[in-house]
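Peer 1: Structure below; questions to follow.
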Amino acid sequence: MKFTKENTLQLKGIAVIFLLYHHLFNSPSMYQNFEVSFFPLTERIVNLLSWFGKNCVSFFAFLSAYGLAVSYMKLSEKKGAADGWIKRRLLKLYKGYWFVFVGAFFICSIIDRMPIKVYMKSHGIANIILDMLGLSAFLGTPSMNGAWWYMSLAVTIIIIVPVVDCLCKKIGGIATIVLTFIMPRIFGIGFQGNNSCLSFLFIVICGVIFAENDIFTKIAKWVQKRALYYKWLIFIMFLVGLYVTFKLYITCDVTVCTELNYGIVPLLWIVFAYLYVSKIPIVNTILEFIGKHSMNIFYVHIFFRKNIFYVHIFFRNNYCYNFIY
2 MKFTKENTLQ LKGIAVIFLL YHHLFNSPSM YQNFEVSFFP LTERIVNLLS WFGKNCVSFF
62 AFLSAYGLAV SYMKLSEKKG AADGWIKRRL LKLYKGYWFV FVGAFFICSI IDRMPIKVYM
122 KSHGIANIIL DMLGLSAFLG TPSMNGAWWY MSLAVTIIII VPVVDCLCKK IGGIATIVLT
182 FIMPRIFGIG FQGNNSCLSF LFIVICGVIF AENDIFTKIA KWVQKRALYY KWLIFIMFLV
242 GLYVTFKLYI TCDVTVCTEL NYGIVPLLWI VFAYLYVSKI PIVNTILEFI GKHSMNIFYV
302 HIFFRKNIFY VHIFFRNNYC YNFIY
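Take 2 as the starting number for the sequence shown in my numbering and just add one per residue.
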């Protein structure tokens, strides 16, 4: 019943699959110079499914906030705990990122001089430092890897988890969510973009609330207590909900319904994956394995797509083969 580390890894595995699918087929421009077969689906369906893969960001943001909230709750009552906790979590984040950053910097310098092309147009050293700190997307400076914009969100999540924790304890989780929805509209803060930290604030707060109130366990226990026919009804309702939210995601204007597209929709898929997908033998083991390597895949997948994918893979023209490879 308890939401375990294995469950986290399984959901990360799903998020990574979404991530790769999104970055390979979300637009015809991704494969415009190649002849690709989309059998047994159509190109349009593959593009829509791939675009839905953008939810990988919401998955990662939710899971990060959830895990960080669990960690912070263990020592949040201690005086001055937040400062030390933030420093430790940032250092842990940077350790893995810097290893990949330095490796990518030198390898790409040898292959195509990418770092020089990206960073040295202006304020070269400053651009390198900001990208190393994961702040390039936040400050609008150049980055060697477009996917690394998420580092700005990861840093932001670490910093705001103690704030959200404090707010939830003082005014409650529901009131905190309502404030998140109302305040940007009161101050006229519109949609900040698909890669903006603010766009994912709603799902981050949901992650903290789920952790603080052990909501996963409560949902699982509630479903477990139902009669068999009722469990099947819940499962069918979930499937209908997944279809409806998928349709909403691809049709609703994200600039108007940010909380729906990047919050409510992925949250339903996360709960479904926890209740049902994580219980499927073999599948859960595979997802768990992928989840263990999720951060490394995230850090380097763009480099492989740009430098290896197009050269080595597209001679096999079926999109399923391309994705699996």
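We put the beta carbon where it would ideally sit given N, CA and C, even for glycine.
1. For Ser59, which option in Ile287, Leu168, Leu199 and Met121 has the closest C-alpha, if you only look at C-alpha atoms?
2. Does the separation of the CB atoms of Thr181 and Leu202 fall below 7 Å?
3. Does DSSP put Ser144 in a helix, a strand or coil?
4. Can at least three beta-carbon pairs, one atom from the segment 14-32 and one from the segment 50-65, be found at a separation below 8 Å?
5. How would you call Ala228, buried or exposed, if buried means at least 16 neighbouring beta carbons within 10 angstroms?
6. With the cut-off set at 7 Å, would you say Gly242 and Leu269 are in Cβ contact?
7. Does Asn285 come out as helix, strand or coil in the three-state DSSP assignment?
8. Is there contact here, the segment 164-174 with the segment 111-128, by at least three beta-carbon pairs under 8 Å?
9. Quick check on Asp166: does DSSP put it in helix, strand or coil?
10. Give every residue of the same chain whose Cβ lies closer than 8 Å to the Cβ of Val224, excluding the five residues on either side of it in the sequence, and list them in chain order.
11. Grab me the residues of Val1's own chain with a C-beta within less than 6 Å of its C-beta, minus the 5 sequence neighbours each way, in chain order.
12. Between the C-alpha atoms of Ser279 and Gln11, what's the straight-line distance to the nearest angstrom?
13. Express the C-alpha separation of Met184 and Leu148 in angstroms, rounding to a whole number.
14. Measuring straight from C-alpha to C-alpha, what distance separates Lys219 and Ile210?
15. Please state whether the Cβ-Cβ distance between Phe35 and Phe217 is less than 7 Å.
16. Applying the 10 Å Cβ sphere with the 16-neighbour rule, what's the burial state of Asn285?
17. Less than 8 Å between the CB atoms is what I'm expecting for Ala66 and Ile158, so what's the real figure, rounded?
18. When you compare only the Cα positions, how much space is there between Trp99 and Ile87?
19. Compare the Cα-Cα distances from Asp166 to each of Ser137, Met115, Met121 and Ala70 and report the closest residue.
20. What does the Cβ neighbour count give for Thr259, buried or exposed, with the cut at 16 atoms within 10 Å?
21. Classify Tyr32 as helix, strand or coil using the three-state DSSP reduction.
22. With a cut-off of 8 Å on the beta carbons, I'd call Leu64 and Ala155 a contact; round off their distance for me.
23. Between Phe19 and Tyr151, how many whole angstroms is the CB-CB distance? I'm expecting something under 8 Å.
24. What would DSSP say about Asn27, mapped onto helix, strand or coil?
25. Going by beta carbon distance, what residues of the same chain come within less than 7 Å of Asn262, once the five residues before and after it are set aside?
26. Can you tell me whether Phe182 is helix, strand or coil according to DSSP?
27. Quick one: what does DSSP say Phe4 is sitting in, helix, strand or coil?
Peer 2: So, from the listed chains and residues:
1. Leu199
2. yes
3. coil
4. yes
5. exposed
6. yes
7. helix
8. no
9. helix
10. Lys232, Ile235 and Leu276
11. Outside the displayed span of the chain (2 to 326) sits residue 1, for which this structure offers no information.
12. 7 Å
13. The residue asked about is misnamed: residue 148 is Ala in this sequence, not Leu. Roughly 29 Å separates the two Cα atoms.
14. 13 Å
15. no
16. buried
17. 6 Å
18. 18 Å
19. Ala70
20. buried
21. coil
22. 11 Å between Cβ atoms; not a contact.
23. That belief does not hold up - the Cβ atoms of Phe19 and Tyr151 are roughly 13 Å apart, past 8 Å.
24. coil
25. Tyr250, Cys253 and Val255
26. helix
27. coil
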